[in-house]
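There are 2 protein chains.
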Amino acid sequence: MQQTKIMLEESEIPTHWYNVVADMPNPPTAPLGRDGKPVGPDALTAIFPMALIEQEVSAQRWIEIPAEVREALTTYRPSPLVRAHRLEAALGTPAKIYFKNESVSPAGSHKVNTAIPQAYYNKMAGIKRLATETGAGQWGSSIALAGQMFGIDVRVFMVRVSYDQKPFRRSMMQTWGANVFASPSMETNTGRAALAADPNNQGSLGLAISEAVEEAASRADTNYALGSVLNHVLLHQTIIGLEAKKQFAKVGDYPDMVFAPCGGGSNFGGVAFPFLADKAAGKNVRLVAVEPTSCPTLTKGVYAYDYGDTAGFTPIMKMYTLGHDFMPPGIHAGGLRYHGDSPLVSQLFHEKLIEAVAVPQLATFEAGVLFAKSEGIIPAPESNHAIRACIDEALRCKATGEKKTLFFNLSGHGHFDMASYDRYFSGKLEDFNYPEEAIKASLAHLPKVG
Amino acid sequence: MQQTKIMLEESEIPTHWYNVVADMPNPPTAPLGRDGKPVGPDALTAIFPMALIEQEVSAQRWIEIPAEVREALTTYRPSPLVRAHRLEAALGTPAKIYFKNESVSPAGSHKVNTAIPQAYYNKMAGIKRLATETGAGQWGSSIALAGQMFGIDVRVFMVRVSYDQKPFRRSMMQTWGANVFASPSMETNTGRAALAADPNNQGSLGLAISEAVEEAASRADTNYALGSVLNHVLLHQTIIGLEAKKQFAKVGDYPDMVFAPCGGGSNFGGVAFPFLADKAAGKNVRLVAVEPTSCPTLTKGVYAYDYGDTAGFTPIMKMYTLGHDFMPPGIHAGGLRYHGDSPLVSQLFHEKLIEAVAVPQLATFEAGVLFAKSEGIIPAPESNHAIRACIDEALRCKATGEKKTLFFNLSGHGHFDMASYDRYFSGKLEDFNYPEEAIKASLAHLPKVG
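Sequence lines, in order, name chains S and F.
Position 220 of the first sequence, counting from 1, maps to 220 under my numbering, and the rest follow consecutively.
Position 279 of the second sequence, counting from 1, maps to 279 under my numbering, and the rest follow consecutively.
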């Protein structure tokens, strides 16, 4: 019987996260304040615990994973590395296809990998409450679960339009004990002001961030938690790639190419950075970030300082951006609609150590359905981007006869995205033209540095 | 680090299913036709392949699992046996609690364990299409997935009210390539007649069964597939208990009590029968079927011959029943609303080899939420019944100080049942009184034998 899933023992869960900063040819850029000066760690203590701030600025190659975090991760880790025999057969490709199945987490995506350590370090710092925002709900679910595990109250500001349209993600967070508020809410000054101006305000991710940060900054017992973009988030996600490398070693294989969806960058960084360490050591491996053509940050954006959020509250960070007020089309991969990208991913792309490709929406769903029919698991729309790019490469191998080893990250399942599949099946899903004019307009609003 | 998940290698997937008939003190009762005479295998060939009919009547203890079936099962098997450390801590019980996590299948429940062999044997018999019915969609999803794996077209007749109210289960089946029809449909004589009489007919499981059986009986290329009750279905599900026994052996433990939800009986039979083999050999293990107080088949029904379906189309089978036209209250564990029970489970209960307990709806959701908060996974409402009974025993152990080993089957996740959790959180879920009058009325309609 051929082997499908390559498993690890719980005792093989990595003991250290990998910090890519140690292997970058140039030091990472620092976030800057409104005065154009680097934001020091001290400025962040109002909303983050010191342990996470230290990770954010660390240049140490290996950072130890606390035993309590590893133990909490055993809830679903190690995740399987799966050889996609049936997908290979369906494509008729000589390429070997593997995927890491991160959909096995109780919240259904890789986001839990950072939610658990974030909850842990906040708990250790004496924090009683975490405030955060969520759009579609993947991140909110993950931090709700992790908060419950460490006895921290979680308060999620959920964009009102999602709160109303996606009640099941909300019920999921409530099952894990989180308080979920439709944003704008009556819980914060920001929310109350927005509702006073417009009682029917449908909310936005920018507004929800403002509410969460206001709570975190104004209460000593409350901190803020972010699910992507920042260095410490990508650090925690490297557990994916580290496990995958151990699993490839068990079957004596190694990927020629690694694919992951790229929105804020934590999914891609998590799976790709540990392989980048090998690349830095001379290994020939291509790392491909896959983004939607409708929000083509790496492939069509500029490398410049910009705000992390839409409203311009955050420090500015050097990253590939489409402009902080760029509003991408309403594609169904909500996690890939970010205007910018992780500064680490951006710098590595700028230095040509990683690649990027953009794929259109309909083609991603087509790939996701083929994957589901072959491998069973129904993927999240975000994951469909990686699947699309991987299938395209497998088909190129079919044409050339190359026996490449391809590897992608199945970042999550689509159980809460079936409405999107429904729209795809009924022909209501559309491709969006590359939003050239909108990007040009928003790029004109980039902040001036200094 | 304490171990959470006890895993098996794919090569340790059992090579044979266990047939409990071999260890029963008395031979199993046979289904009877309208003439009161046993229904022979020949009568079933119009809708089932011979391999499944042979399994249905076999008395052989071990039945080999074909290599192709074992390989297809590697998509998600072996499933983890999980030590519920966090739930134990939350309860403060000295008992050890384990659960088998069957929610890892792509369709989200144990139903795939029988869908795969059923699709396989039909494929081997040259069948091109499978027709089946589904209510809430767990079974329909599983057979859609399995049909896709073996290249068989699957046609699912889905009760109209579910078709309209649960569009996501429908999209899931469509993702795997199944044709899903709201029942009554225009596809069959039965459906057309029902619609002619009432164009707004909302359908029923009985009607959907009739449509599926009509298709299967009237077309040589089409067979019928059933997701519970029958002997061969329970046989396929024994893979759960067989794996669990290997996993307990790995950690040197063995359950004092085994709990599983019991509707049609395949969940309970699948996990409990392999332990019953040990009980027959003198081992002290208690096997507890858990049912809802609103549909208390084993605990309040009678042991008599009755139809398997509401409409009275099927042969009559000796089983615990509340009467084939008993309509249970609209509880949210749709899989446990069956008026009868598997003849094998019924006979073993009648012979006092297994036990049964009934639990009320609100208490099951309370247990499910505590489980989700402790162990992460949000359970299906059906699974919440086993969790409730297991927790009740763990609390008894807390009172007495007993260090029992408790084991339950987490038959599925609740990702498609969040509307039910929502109703629970908002206080809209209710307990139903024991429907004594309705049961009395339906028991008056039991068929006369002969």
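Note that CB positions come from ideal geometry on N, CA and C, so glycine has one too.
Predicted model, so just to flag it, every value in this text is computed and none were measured.
Contact between the stretch 103-116 of chain F and the stretch 134-154 of chain F is established, with three or more Cβ pairs separated by less than 8 Å. Following the DSSP letters along the chain, one finds V271 (chain F) inside the alpha helix (DSSP H) bounded by residues 266-280. By the C-beta density criterion, Q165 (chain S) is exposed, having fewer than 16 other C-beta atoms within 10 angstroms. Shown here, V449 (chain S) sits in coil according to DSSP, grouped into three states, outside any helix or strand. The CB of I331 (chain S) never comes closer than 7 Å to any CB in chain F; the least such distance is about 18 Å. Residues of chain F with a Cβ closer than 8 Å to the Cβ of I377 (chain S) are, in chain order, P106. Nearest Cα to T297 (chain F) within the set F:T93, F:S204, F:P261: F:P261. P94 (chain S) is positioned such that its CB atom lies no closer than 7 Å to that of M7 (chain S). Within the model, the alpha-carbon separation for V251 (chain F) versus N19 (chain S) is close to 36 Å. Nearest C-alpha to F268 (chain S) among S:Y224, S:S426, S:S228: S:S228.
A441 (chain F) and H339 (chain F) have their C-alpha atoms roughly 13 Å apart. In the DSSP secondary-structure assignment, Y305 (chain F) is bridged to F:K318. Scanning chain F for C-beta atoms nearer than 9 Å to the C-beta of Q361 (chain S) yields nothing, as the closest lies near 16 Å away.
Separation of I13 (chain F) and E437 (chain S) (C-alpha to C-alpha, rounded to the nearest whole angstrom) is 57 Å. A131 (chain F) is bridged by DSSP to F:R155, F:Y224. Ranked by Cα distance from D256 (chain F), the first of F:A22, F:A46, F:F425, F:Y98 is F:Y98. At a cut-off of 7 Å between beta-carbon atoms, K428 (chain S) makes no contact with chain F. Within the same chain, G140, V156, M158 come within 7 Å of T134 (chain F) by CB-CB distance, once the 5 residues on both sides are set aside. A372 (chain S): member of the alpha helix (DSSP H) spanning 361-375, first to last residue.
Only those residues of the stretch 228-244 of chain S whose C-beta falls short of 8 Å from the nearest C-beta of chain F would be listed, and there are none.
Counting along the chain, the unbroken alpha helix (DSSP H) around S171 (chain S) starts and ends at 167-175. When C-beta distances to chain S are compared with 7 Å, every residue of the stretch 281-303 of chain F stays at or above that value. Taking the CA atoms as reference points, G108 (chain F) sits about 46 Å from N26 (chain S).
Within the DSSP bridge table, the entry for H16 (chain F) names F:E64 as partners. Within 8 Å of the CB of G177 (chain S), the CB atoms of chain F belong to K373, in sequence order along the chain.
Burial state of M1 (chain S) is exposed, judged by a 10 Å Cβ sphere holding fewer than 16 other Cβ atoms. The secondary-structure analysis by DSSP pairs I97 (chain F) across a beta bridge with F:L406. Around the beta carbon of P199 (chain F), fewer than 16 other beta carbons lie within 10 angstroms, which makes this residue exposed. Any Cβ of chain S closer than 7 Å to the Cβ of M1 (chain F) would place that residue at the interface, and such an atom is present. In this structure, the CA atom of R86 (chain F) is about 13 Å from the CA atom of A146 (chain S). Here A260 (chain F) carries a strand assignment [DSSP, helix/strand/coil].
Counting only runs of 3+ residues, the beta strand (DSSP E) found wholly inside the stretch 170-212 of chain F occupies 179-183, in chain order.
Relative to F408 (chain S), the option among S:R129, S:F275, S:I209 whose CA is nearest is S:F275. Counting only the Cα atoms, G270 (chain S) lies some 7 Å from H236 (chain S). Taken through DSSP and simplified to helix, strand or coil, R286 (chain S) comes out as strand. Between F371 (chain S) and P360 (chain S), the C-beta gap is not smaller than 7 Å, which leaves the two residues out of contact.
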